[in-house]
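When the letters of the sequence shown are read in order and numbered with the working numbering, they come out as residues 36 to 367. We treat Cβ as the ideally placed atom computed from N, Cα and C, and that holds for glycine. See structure below.
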Amino acid sequence: MDDNARKILRLPRPRTSVLWDGHLSHMVAGVSGGVVATLVLHPLDLVKIRFQVSEGTAGGNVVGAARPEYKGIVDAFRSIKQSQGMMGLYQGVTPNVWGAGLSWGLYFFFYNGVKTWMQDGNTQKSLGPLKNMLAASEAGLLTLFLTNPIWVTKTRMCLQYEGNSPKTNGNTYYKGMLDGLLKIYKYEGIRGLYRGFVPGIFGISHGALQFMAYEEMKTLFNQYLNRPIDYRLGTAEYLTFAALSKIFAATLTYPYQVVRSRLQDQHRSYNGVIDVLKQVWRYEGLAGFYKGCGVYMWHVTPNVMIVFLIMEKITNLKKTEESLENNWSSED
Numbered sequence: 036m037d038d039n040a041r042k043i044l045r046l047p048r049p050r051t052s053v054l055w056d057g058h059l060s061h062m063v064a065g066v067s068g069g070v071v072a073t074l075v076l077h078p079l080d081l082v083k084i085r086f087q088v089s090e091g092t093a094g095g096n097v098v099g100a101a102r103p104e105y106k107g108i109v110d111a112f113r114s115i116k117q118s119q120g121m122m123g124l125y126q127g128v129t130p131n132v133w134g135a136g137l138s139w140g141l142y143f144f145f146y147n148g149v150k151t152w153m154q155d156g157n158t159q160k161s162l163g164p165l166k167n168m169l170a171a172s173e174a175g176l177l178t179l180f181l182t183n184p185i186w187v188t189k190t191r192m193c194l195q196y197e198g199n200s201p202k203t204n205g206n207t208y209y210k211g212m213l214d215g216l217l218k219i220y221k222y223e224g225i226r227g228l229y230r231g232f233v234p235g236i237f238g239i240s241h242g243a244l245q246f247m248a249y250e251e252m253k254t255l256f257n258q259y260l261n262r263p264i265d266y267r268l269g270t271a272e273y274l275t276f277a278a279l280s281k282i283f284a285a286t287l288t289y290p291y292q293v294v295r296s297r298l299q300d301q302h303r304s305y306n307g308v309i310d311v312l313k314q315v316w317r318y319e320g321l322a323g324f325y326k327g328c329g330v331y332m333w334h335v336t337p338n339v340m341i342v343f344l345i346m347e348k349i350t351n352l353k354k355t356e357e358s359l360e361n362n363w364s365s366e367d
């Protein structure tokens, strides 16, 4: 029986349907937030990736066009704009939009599905830090497996410098997202599409720490005010907790992003995660593992604030709709 028929007969929808629709609303919220944030903040992401793969005095095995050197964030924006125009700042935006939209959508879908299962459908049941981290980790692993090929393509398109061309770099020059995916598969196989997957697994701890911190801050804040733990917060609270949780997680886990970007870089050849760790430590020291961290914080903090706020607002609208529908159904 469809929803319209149920409304006419004043029958409540099955609980499984409500839960399924609830998870879908989280997916829609994640996709919406990811796409909006990416379109606004992609230039910062582009600059971050270029800083991450800048190797300083590390030598050897760099192929293709010379890698540009930037004196800082402002210089990077100025140089890219002068050499490639405004479109240069949006190089690789297509796979980034697809990747961010799918990643956030799938992540919220899986996370809230696992979380609801752990709560036995009771949203007022507090899971605690460890179970929140477990739910986030499971969601992160599933999402990473499904989206890693898109992130490889996005990273490589962001690293197509001025001077690259189909003639001089035919195998590693990508005209677009689909061309990139096909060429990586053709010349490197499945392994090429999953470059950076291992450090990405370590990076799951980033999302787990972030969601654990975010959920715990919301719970503790509501408990402090003697409110139900699923009580809806204001915009300022959502933005504050999103920013603090991201800064907390990023500070602890940023080095994995440097390792992942370098493994995915088409201009440099490494023999795996251990080789990257050795090379970075040998030539660049501890600071090498935090290259691009400043621009990363400028990029991801407003990014996650936008995504989480949109996610909370859309899911709250869905909860309001379900509450009104349940009240309407019970009036008869």
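Exercise for the section: Starting from L146, trace the alpha helix (DSSP H) both ways and give me its first and last residue. Expected result: The sequence shown places Tyr at residue 146, not Leu. For Y146, the enclosing alpha helix (DSSP H) has its first and last residue at V128 to M153.
Handout entry: Given F283 as reference, the closest of M332, L165 and K326 once Cα atoms are compared
Key = Of the candidates M332, L165 and K326, the one whose C-alpha sits nearest the C-alpha of F283 is M332.
Exercise for the section: Could you check the C-alpha separation between A277 and K166 for me, to the nearest Å? Expected result: Those two C-alpha atoms are separated by around 19 Å.
Problem - N183 to A171 span [Cα, whole Å] - result: The alpha-carbon separation between N183 and A171 amounts to approximately 17 Å.
Practice task
Would you tell me roughly how many angstroms separate the C-alpha atoms of V88 and Y259, rounded to the nearest one?
Solution key: V88 and Y259: Cα-Cα distance of roughly 44 Å.
Exercise for the section: Identify whether R32 lies in helix, strand or coil by the three-state DSSP scheme. Expected result: Here the chain comprises residues numbered 36 to 367, so residue 32 is not present and cannot be evaluated.
Practice task
Just the C-alpha distance for L177 and Q314, rounded to the nearest angstrom, thanks.
Solution key: Taking the straight line joining both Cα atoms gives about 30 Å.
Practice task
Could I get the ranges of all uninterrupted alpha helix (DSSP H) runs contained in the segment 192–262, with 4 residues as the minimum, in chain order?
Solution key: Look at the segment 192–262 and you find these whole runs of alpha helix (DSSP H), each 4 residues long or longer: 212–228 and 232–259.
Handout entry: Proximity of T336 and K281 at Cβ, strictly below 8 Å
Key = In this structure, T336 places its C-beta atom within 8 Å of the C-beta atom of K281.
Problem - Supposed close pair E347, Y266 - CB separation, criterion 8 Å - result: Not a contact, Cβ separation roughly 12 Å.
Problem - Contacting residues, own chain, Cβ-Cβ under 6 Å from L127 (five flanking each side not counted) - result: A quick correction: the sequence has Gly, not Leu, at residue 127. Taken in chain order, the residues that qualify are K189, M192 and C193.
Practice task
For K326, name the three-state secondary structure that DSSP assigns.
Solution key: In the structure shown, the three-state DSSP call for K326 is coil.
Handout entry: Closest by C-alpha distance to V233, when choosing among N351, N147, S296 and L279
Key = It is S296.
Practice task
Taking S60 and I345 to be in contact with their CB atoms under 8 Å, please state how far apart those CB atoms are, rounded to whole angstroms.
Solution key: Separation of the CB atoms of S60 and I345 is rounded to 12 Å, and the pair is thereby denied contact status at 8 Å.
Practice task
Look at V311 and L321 and say whether their C-beta atoms are less than 8 Å apart.
Solution key: Against a cut-off of 8 Å, the Cβ pair of L321 and V311 comes out as no contact.
Practice task
Return the first residue and the last residue of the alpha helix (DSSP H) that S161 is part of.
Solution key: Taken as a continuous stretch (DSSP letters only), S161 belongs to no alpha helix (DSSP H), as it is neither H nor E.
Handout entry: Neighbour-count burial assignment, D110, 16 or more Cβ in a 10 Å radius
Key = With fewer than 16 other Cβ atoms within 10 Å, it is exposed.
Practice task
Would you check if the distance between the CB atom of F143 and the CB atom of G65 is smaller than 8 Å?
Solution key: Here F143 is near G65, since their CB atoms are less than 8 Å apart.
Practice task
Please check the pair Y69 and S161, which I expect to be a contact at CB under 8 Å, by giving their CB distance rounded to whole angstroms.
Solution key: It should be pointed out that residue 69 corresponds to Gly in this sequence rather than to Tyr. Contact between G69 and S161 fails: their C-beta atoms lie close to 27 Å from each other, not under 8 Å.
Handout entry: Alpha carbon of S52 to alpha carbon of G148, nearest angstrom
Key = Model confidence at S52 stands at a pLDDT of 45, short of 50, so the residue's coordinates are unreliable and nothing is read from them.
Problem - CA nearest to the CA of N73, picked from G211, F324 and N131 - result: Reading off the sequence, residue 73 comes out as Thr, not Asn. The candidate whose alpha carbon is nearest that of T73 is N131.
Problem - Continuous alpha helix (DSSP H) stretch holding R113: start and end - result: Under the DSSP assignment, R113 falls in the alpha helix (DSSP H) whose first and last residues are I108 to Q119.
Handout entry: Buried or exposed by the 16-neighbour rule on C-beta atoms within 10 Å, applied to L217
Key = Exposed, because fewer than 16 other Cβ atoms sit within 10 Å of the Cβ of L217.
Handout entry: Minimum Cβ-Cβ distance from V311 to chain D less than 8 Å
Key = Included in the structure is just one protein chain, with no chain D present.
Practice task
Just tell me which of G156, P78 and E104 has its CA closest to the CA of G120.
Solution key: Among G156, P78 and E104, the Cα nearest to that of G120 belongs to P78.
Handout entry: Sequence-distant residues of the same chain with beta carbon closer than 6 Å to H241, five excluded per side
Key = Hits under 6 Å: A284 and T288.
Practice task
Can you have a look at L213 and say buried or exposed, based on whether 16 or more other CB atoms are within 10 angstroms of its CB?
Solution key: Exposed, by the Cβ-count rule.
Practice task
With DSSP collapsed to three states, give me the class of S89.
Solution key: Reduced to three states, the DSSP call for S89 is coil.
Handout entry: Secondary structure of D310, DSSP reduced to three states
Key = DSSP, read as helix, strand or coil, puts D310 in helix.
Problem - Three-state secondary structure (DSSP) of I341 - result: For I341, the three-state secondary structure derived from DSSP is helix.
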